[in-house]
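Here the sequence shown stands for residues 13 to 587, numbered as in the numbering used here. Every residue gets a Cβ at the ideal spot worked out from N, C-alpha and C, and that includes glycine. Down below is the structure, laid out as structure tokens.
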Amino acid sequence: MSYEDLDRILGLLEQLYIFEGIPRQQLIEIASRFESMVINRGERIFSEGDEGDEFYLISSGRVLITKADRHRQRVLAILSEGDYFGEEALLYDRPRSASAVALEKTVLLCLNSEHFNELLREYPLIHRNLSITAESRYLARKGEFEWLAEDELIYLVTRKHEIFLILSLLIPIFIGVISLPIAGLSFVASTPFLKVAVLIFGLAGIFIAVIWAIWKWLDWENDYYIVTSRRVVWQEKVIGMYASRREAPLANILSVNVSSSQLGRILNYGDVEVRTYTGGIYMRKVSQPYLLEAYIRGYQERARQRQEKEEIKANEEALHKRMAELEGYSQNSGKPSSTSSTIPTRTASPEKPISQLWKLLKTLFTVRYEENGAIIYRKHWLVLLKKTWKPLLLFIILLITTGLISWRLVSNQPVIFSGWVWVLVLLFLYILTFFWWDYQFLDWTNDIYKITPDQILDIERKPLGTEEKKSASLDSILSLEHTRNGILQLIFNYGDVIVNVGQSQFVFKGVNNPDQVHQDVADYMEARERKKREEQVIRERQRMVNWFDIYHQETEKFDNSANDENNTKNNSEEK
Numbered sequence: 013m014s015y016e017d018l019d020r021i022l023g024l025l026e027q028l029y030i031f032e033g034i035p036r037q038q039l040i041e042i043a044s045r046f047e048s049m050v051i052n053r054g055e056r057i058f059s060e061g062d063e064g065d066e067f068y069l070i071s072s073g074r075v076l077i078t079k080a081d082r083h084r085q086r087v088l089a090i091l092s093e094g095d096y097f098g099e100e101a102l103l104y105d106r107p108r109s110a111s112a113v114a115l116e117k118t119v120l121l122c123l124n125s126e127h128f129n130e131l132l133r134e135y136p137l138i139h140r141n142l143s144i145t146a147e148s149r150y151l152a153r154k155g156e157f158e159w160l161a162e163d164e165l166i167y168l169v170t171r172k173h174e175i176f177l178i179l180s181l182l183i184p185i186f187i188g189v190i191s192l193p194i195a196g197l198s199f200v201a202s203t204p205f206l207k208v209a210v211l212i213f214g215l216a217g218i219f220i221a222v223i224w225a226i227w228k229w230l231d232w233e234n235d236y237y238i239v240t241s242r243r244v245v246w247q248e249k250v251i252g253m254y255a256s257r258r259e260a261p262l263a264n265i266l267s268v269n270v271s272s273s274q275l276g277r278i279l280n281y282g283d284v285e286v287r288t289y290t291g292g293i294y295m296r297k298v299s300q301p302y303l304l305e306a307y308i309r310g311y312q313e314r315a316r317q318r319q320e321k322e323e324i325k326a327n328e329e330a331l332h333k334r335m336a337e338l339e340g341y342s343q344n345s346g347k348p349s350s351t352s353s354t355i356p357t358r359t360a361s362p363e364k365p366i367s368q369l370w371k372l373l374k375t376l377f378t379v380r381y382e383e384n385g386a387i388i389y390r391k392h393w394l395v396l397l398k399k400t401w402k403p404l405l406l407f408i409i410l411l412i413t414t415g416l417i418s419w420r421l422v423s424n425q426p427v428i429f430s431g432w433v434w435v436l437v438l439l440f441l442y443i444l445t446f447f448w449w450d451y452q453f454l455d456w457t458n459d460i461y462k463i464t465p466d467q468i469l470d471i472e473r474k475p476l477g478t479e480e481k482k483s484a485s486l487d488s489i490l491s492l493e494h495t496r497n498g499i500l501q502l503i504f505n506y507g508d509v510i511v512n513v514g515q516s517q518f519v520f521k522g523v524n525n526p527d528q529v530h531q532d533v534a535d536y537m538e539a540r541e542r543k544k545r546e547e548q549v550i551r552e553r554q555r556m557v558n559w560f561d562i563y564h565q566e567t568e569k570f571d572n573s574a575n576d577e578n579n580t581k582n583n584s585e586e587k
């Protein structure tokens, strides 16, 4: 291996987090173990199910990673310079879990299985980092994050620390443990009624404990902290109730701060704050917070370099296209055309039409959800409870009354009216209670606040009544603030978000987690500003092309004028 090749490989290894902290002299020795391999466009590197025998690092070019999924190939990732792959099969001694194909002429740096295993034995830190990468890629495949761009790669996926899952399960476990002996007391109860009542109470406690524990586990499992090649993402989901995604582009991150208590440092958890121009993301109780911080910092510079390269490439393509139009030569004669058209679209599953009924059921009790690029908020569940507590109380009274009357009828004890009269009366009251509750529920669900990429909206619609709608452009927002008033709002984390627009105000009343609503509005404002900056860059690029057109036209005029002068001079000399 030549000195230039070794120096190039060394520079690549120094950019990778998995080799962070290794002295340069040892890195030189590691770099010498890699072998270079050139792969032509469209050539397969390995197939799903093959034996894992090499670890790959991309020196230049791009590689498409796909996986068979129901008789089709699902795109997992598009890797580029500085990315690595193939570690999972070597780490766990199992066949390849995906296929790899070169999208263009690609130079790979390869490490065979023998050298790879030696590297892991000599450097346990590299083993840990590669294991985290493999686990993150597994979670990425399992999670099927549909918001990923085609050429966006997930580097790290982590969750809240497991200790907080355990702590959240203590109350449902306690309820379950207490409910078991209560259910057992039904066997020694003195009367049939008491026996049934104690058994129902005990079984209800066990059922509630099991459902609560499952819900807590799913709540923990569906929260992710993610670092991709473009952004940092906090994805949070509560099934049937809540879904959100907060993100910060890597190129826009100003600082990354980690805070952890003494216990957190012992158990390896803490809070990570990612600051951007308009605020940031505050990720709480993160497992391995310093690892998350290192990944973010490690890939920030790569993201900036990538953005600069994309802008330069866009400028070159715009000029090249215009030159092709003016000079009449094929675009393929100058620079190879992009291969992006050959890349399959990244989709988690085949697109299926979603019925309005399913969409309604999916967001029935959800206080925050996203739809067609917009975020929609409803008021907090306590607001719903305030609206519906009276019909709920009546429903509970009806249930108790139904149980007592049924028990007296079964026991042949006297009741005021006959059984059929009670059935008709109770049925009428149940229907009346249902419509009362449904009206209040629809009044809650129809009162929504909405953020779109261009504006904010406040929509209030009374069931069978009038609709009021206010809207304002994101560009006209002057300031944002939020408040929580009273002990209930502090305990249950809801309040008001105030958006100052010109001389008026938009007040999002009683929304869940006003901190996040505040940040969502700020994020959309930042995205709007970013879009305007991108449009400005496109206009500047077009202006550059226009200047090139003028230069080309003036050059042609000058050349034509010079030719005319030469022709005139030659004609005069001939005469």
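Query	Result
Runs of beta strand (DSSP E) wholly within the segment 392–467 (minimum 3 residues, chain order)	460–463
For E322, the three-state DSSP class (helix, strand or coil)	helix
Contiguous alpha helix (DSSP H) assignments of at least 4 residues, all confined to the segment 255–342	274–279 and 301–339
Beta bridge counterpart(s) of S59 as assigned by DSSP	Answer is none; S59 lacks a bridge partner.
Euclidean distance between Cα positions of I412 and W401	16 Å
Contact check, A336 vs V557, beta carbons under 8 Å	no
For N524, three-class secondary structure by DSSP	strand
Whole-angstrom distance between W246 and I238, CA atom to CA atom	6 Å
Proximity of S256 and E248 at Cβ, strictly below 8 Å	yes
N-terminal and C-terminal residue of the alpha helix (DSSP H) that D231 is part of	P204 to E233
DSSP state of Q85 mapped onto helix, strand, coil	strand
Helix, strand or coil at K374 [DSSP, three-state]	helix
Run of the beta strand (DSSP E) containing Y68, from where it starts to where it stops	E66 to S72
Separation of P526 from T495, as counted between CA atoms	8 Å
Of the residues G214, W232 and I187, the one placed nearest F199, counting alpha carbons only	G214
Three-way DSSP call (helix, strand, coil) for S111 in this model	strand
Pairwise C-alpha distance: S418 and L406	18 Å
C-alpha distance - R277 paired with K172, whole-angstrom precision	14 Å
Other residues of its chain near H139: CB distance less than 6 Å, five sequence neighbours each side excluded	L132
Contact check, G282 vs S267, beta carbons under 8 Å	no
Residue closest to I443, alpha-carbon to alpha-carbon, out of E147, L410 and V286	L410
Proximity of V113 and F97 at Cβ, strictly below 8 Å	no
Coil, strand or helix - H127 by DSSP	helix
K474 to G498 span [Cα, whole Å]	28 Å
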